[in-house]
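Visitor: Here it is, the structure in full.
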């Protein structure tokens, strides 16, 4: 039996380096091939729930509306209380338009109240919220109320109150009374 040189049992350093490089390359290739380089694709979203069966059309003369549960229900538009409510709503809208027109017709006179005092006080400016109560027949109940007033000029207020009192208001739509609240602005803001 011959003894070998202990140095001959060791692997050659170049072969070791080549083997290590080859092993590392194989490992990286395996990792890439198995998909470790990217996360898995996301799962598809669940299919939407099927639509509920359509309800039959509401009867003629009804208006579909949404109930609190989201189902379609029908309101009988031939019902007297429904028609009265709609009529009152239309009348209230018309009344508001008539009041707007009335104030537009009298805007120049209201502005004159302010312009007279502006000549005496060039820094005069502000706003007034006027509240009025109109009785049946279009008569004003009492004096106008200045609910909010940043103008703070008694002469302008008296002049405006006089004009508002003399105006001919439209008949209230509900045969009772009408409350009117109007913002009047004067000067630059």
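In this note's numbering, the protein residues as written are 1 to 189.
Just so you know, even glycine gets a beta-carbon here, dropped at the ideal spot from N, CA and C.
(1) Taking Cβ positions, are residue 111 and residue 167 nearer each other than 7 Å?
(2) In terms of alpha-carbon separation, which member of 185, 180, 164, 153 lies closest to residue 143?
(3) Can you tell me which of the three DSSP states residue 175 falls into?
(4) Can you tell me which of 177, 159, 183 puts its alpha carbon nearest to the alpha carbon of residue 113?
(5) Counting Cβ pairs closer than 8 Å, one from the region 123-132 and one from the region 176-187, do we hit at least three?
(6) Note down the Cα distance separating residue 150 from residue 122, rounded to an integer number of angstroms.
(7) Report the residue from 135, 185, 93, 97 whose alpha carbon sits nearest the alpha carbon of residue 175.
(8) Could you say which of 99, 162, 145, 185 lies nearest to residue 173 if we only look at CA atoms?
(9) How far does the beta strand (DSSP E) with residue 162 in it reach, from first residue to last?
(10) Helix or strand or just coil, what does DSSP make of residue 64?
(11) Which of the three DSSP states is assigned to residue 49 in this structure?
Guide: The short version:
(1) no
(2) 164
(3) Residue 175: coil per DSSP, three-state reduction.
(4) The candidate whose alpha carbon is nearest that of residue 113 is 159.
(5) yes
(6) 15 Å
(7) 135
(8) 99
(9) Counting along the chain, residue 162 falls outside any beta strand (DSSP E), though it belongs to the alpha helix (DSSP H) covering 154-166.
(10) Because residue 64 carries a pLDDT of 48, less than 50, the predicted location of this residue cannot be relied on, and the following value inherits that uncertainty. Note: residue 64 maps to strand in three-state DSSP.
(11) coil
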